[in-house]
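Written out below as structure tokens is the structure these notes cover.
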Amino acid sequence: MLALTMGDPAGIGPEITVGAWRALHRQGPAFVVIGDPDILTRAGGQVRVVPDVAAARAAFADAIPVLPLSLAAPVTPGHPDSANAGAITGSIARAVRMALSGEVAGVVTNPISKVVLRRAGFPHPGHTEYLGELCDAPGREVMMLACPYLRVVPVTVHVALRRAIAELDTSGIIRATRTTHAALRRDFGIDAPRIAVAGLNPHAGEGGTMGTEERDIIIPAIEALRAEGMDITGPWPPDTMFTPTARARYDVAMCMYHDQGLIPLKTLDMAQGVNVTLGLPVIRTSPDHGTAFDIAGHGTADPSSLVAAMRMAAEMAVHRNRS
4 MLALTMGDPA
14 GIGPEITVGA
24 WRALHRQGPA
34 FVVIGDPDIL
44 TRAGGQVRVV
54 PDVAAARAAF
64 ADAIPVLPLS
74 LAAPVTPGHP
84 DSANAGAITG
94 SIARAVRMAL
104 SGEVAGVVTN
114 PISKVVLRRA
124 GFPHPGHTEY
134 LGELCDAPGR
144 EVMMLACPYL
154 RVVPVTVHVA
164 LRRAIAELDT
174 SGIIRATRTT
184 HAALRRDFGI
194 DAPRIAVAGL
204 NPHAGEGGTM
214 GTEERDIIIP
224 AIEALRAEGM
234 DITGPWPPDT
244 MFTPTARARY
254 DVAMCMYHDQ
264 GLIPLKTLDM
274 AQGVNVTLGL
284 PVIRTSPDHG
294 TAFDIAGHGT
304 ADPSSLVAAM
314 RMAAEMAVHR
324 NRS
């Protein structure tokens with residue numbers, strides 16, 4: 004059983020939750036929603052309010068089980084309200100507590116709006132950093148995006164590009180790569196992960212003629228990690244490392260900034276893309292898209308990424324239980 008958070012109730016979360024249940028209710032994995040049951044009913048779902056995980060497990064084949072959580076303000080699809088920020092973050096916090104206690108095998112999160120939450124005083128850049136705090140592991144969380152064709156980990160994440168370049172350092176690359184290596188072994192069953200490290204500059208710096216970050220920052224990290232026994236290569240020229248031939252040579256690409264990794268992954272397969280948080284004591288996955296307020300309530304949202312996130316969380320739980 005997985006815990007699914009509410010996400011922003013004015014976004015497409017309710018619709019894709021209903022779609023995910025329709026895709027999974029016969030064969031699973033099973034999930035319980037922490038949120039407002041009326042929102043799911045309005046989205047066309049067959050809903051059953053439950054008191055606990057045991058009741059949710061029993062109900063899942065027939066209805067979407069919901070552990071109810073009250074909203075502070077009425078919801079209109081496509082029109083978010085920061086008054087509901089407390090419920091949105093409360094859903095995440097409860098799901099994490101359930102995972103930490105062993106009530107559920109993992110957490111899957113519906114999309115949130117960083118802007119909506121920040122207007123209510125939310126201090127974190129996004130889900131990933133908030134999860135690190137909830138798990139008492141701040142700074143150890145690492146974001147990975149995965150689809151059937153590619154896994155990417157951005158070393159710097161939700162910061163402006165100018166700041167990402169300024170903050171890039173050898174220790175950050177080493178930390179993120181160690182966490183990724185351990186997670187691929189523990190949660191994905193890859194005994195000897197092959198890791199490719201992207202350069203920062205065009206042509207990976209072209210021997211220093213197009214930038215020195217490769218020589219001064221990235222190569223020292225690669226050498227240190229290789230000395231620890233990792234199968235690690237790079238720095239790869241970013242413009243050629245995502246071709247089919249190149250992707251066959253590694254299990255994950257360590258990227259230097261957000262869009263360097265997420266653009267190729269979402270171009271390859273956004274529908275099956277999954278956001279995974281590594282380095283936490285709990286399993287957490289999420290769709291790789293946002294709240295899509297512009298189409299919320301239209302009944303056109305594609306639940307494929309949420310379904311993929313559910314299946315990946317369940318597979319990760321199997322691997323973690325074996326380790």
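Using the numbering used here, count along the sequence shown one by one with no gaps and you end on 326.
Here a beta-carbon is modelled for each residue, glycine too, at the ideal position from N, C-alpha and C.
Counting other Cβ atoms within 10 Å of its Cβ, Arg165 stays below 16 and is therefore classed as exposed.
Counting along the chain, the unbroken alpha helix (DSSP H) around Thr131 starts and ends at His130 to Leu137.
In the three-state reduction of the DSSP assignment, Asp219 falls in the helix class, which pools H, G and I. Here DSSP, grouped into helix, strand and coil, assigns Gly276 to coil. By the CB criterion at 8 Å, Pro40 and Val78 fall outside the cutoff. Leu283 carries a coil assignment under DSSP once its states are collapsed to helix, strand and coil. Note on geometry: alpha-carbon atoms of Arg314 and Ala98 lie some 17 Å from one another. The beta carbons of Leu283 and Glu144 sit closer together than 8 Å. Around the beta carbon of Gln30, fewer than 16 other beta carbons sit within 10 angstroms, so the residue counts as exposed. DSSP places Ser104 within a helical segment (H, G or I) once states are collapsed to three. By the criterion of a C-beta distance shorter than 7 Å, Ile42 is surrounded in its chain by Pro12, Pro17 and Val78, once the five residues flanking it on both sides are discounted.
Cβ atoms of Thr173 and Val255 stay farther apart than 8 Å, at about 19 Å. With respect to the 8 Å criterion, Leu5 and Ala316 are classified as neighbours on the basis of their beta carbons. Inter-residue distance for Ala185 and Glu209 is about 31 Å (C-alpha atoms, whole angstroms).
Apart from sequence neighbours up to five positions away, the residues of its chain that approach Arg60 with a beta-carbon distance below 7 Å are Met4 and Ala33, ordered along the chain.
Excluding sequence positions up to five before and after Val52, its CB lies within less than 6 Å of the CB of Pro40, Val69 and Pro71, all in the same chain and listed in chain order.
When the five nearest sequence neighbours on each side are left out, the beta carbons in the same chain lying within less than 6 Å of the beta carbon of Glu170 are those of Thr159, in order along the chain.
Excluding sequence positions up to five before and after Ala86, its CB lies within less than 6 Å of the CB of Ala75 and Ala76, all in the same chain and listed in chain order. Beta-bridge annotation (DSSP): Thr20 is not paired with any residue.
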